[in-house]
Amino acid sequence: MVTEISLNTICGHTTKIIATKEGKSTHIHIKSTCEKLRKWGTRFDVEMKDLMGGPETILARKSAEMPLTPTCLVPAAVMNACWLENGMISKNLAREMGKMEIIFDKLE
């Protein structure tokens, strides 16, 4: 099975995250127009132990080695893709939702 998530972010970059579960690993492939994100990593495996978060996970290690801006949505989208691939979020629910949003309700 494959999960694909696309991001259009406030920084103007576009990113596609492709997650594929194989055995106990979820393979991540990221395609992005962001050079910093390409240096952060575009191909890596997320292990089962990484799915609950924490300071020792692959995403935490990657962020320590090559910090992204605090507003970057990619790490959260990678985790959502992994959870979808591992049955921790319903793919039917995600299909029904279609998208998640950050809405800037009031900016004065």
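All letters in the sequence shown, in the order written, are residues 1 to 108 by UniProt numbering.
Glycine included, C-beta positions come from ideal geometry on N, C-alpha and C.
As the structure is a prediction and not an experimental result, all values here were calculated from the model.
To which residues of the same chain is Thr20 closer than 6 Å at the C-beta, ignoring the five residues directly before and after it?
Here the question's residue 20 lines up with position 20 in the sequence shown. Within its own chain, the residues whose Cβ lies closer than 6 Å to the Cβ of Thr20, once the five positions on either side in sequence are excluded, are Val2, His27, listed in chain order.
With a cut-off of 8 Å on the beta carbons, I'd call Ser6 and Lys16 a contact; round off their distance for me.
Sequence index remark: in the sequence shown, residue 6 carries index 6 (1-based). Sequence index remark: in the sequence shown, residue 16 carries index 16 (1-based). The pair is a contact, with the Cβ atoms about 5 Å apart (cut-off 8 Å).
Skipping 5 residues on each side, what residues in its chain have a beta carbon closer than 8 Å to that of Leu37?
If you number the sequence shown from 1, residue 37 lands on position 37. Excluding sequence neighbours, Leu37 sits near His13, Thr15, Ile30, Leu68, Cys72, Val74.
Measure the C-alpha to C-alpha separation of Lys91 and Ala81 and round it to an integer number of angstroms.
Within the sequence shown, numbered from 1, the residue matching residue 91 stands at position 91. Within the sequence shown, numbered from 1, the residue matching residue 81 stands at position 81. So the alpha carbons of these two residues sit roughly 10 Å apart.
Own chain partners of Gly41 with C-beta closer than 6 Å, once the 5 adjacent residues on each side are dropped:
Position 41 of the sequence shown, counting from 1, holds the residue named residue 41. The residues are Lys62.
Leu7 - containing beta strand (DSSP E), residue span
By 1-based counting over the sequence shown, the position of residue 7 is 7. Leu7 -> beta strand (DSSP E) spans 2–8.
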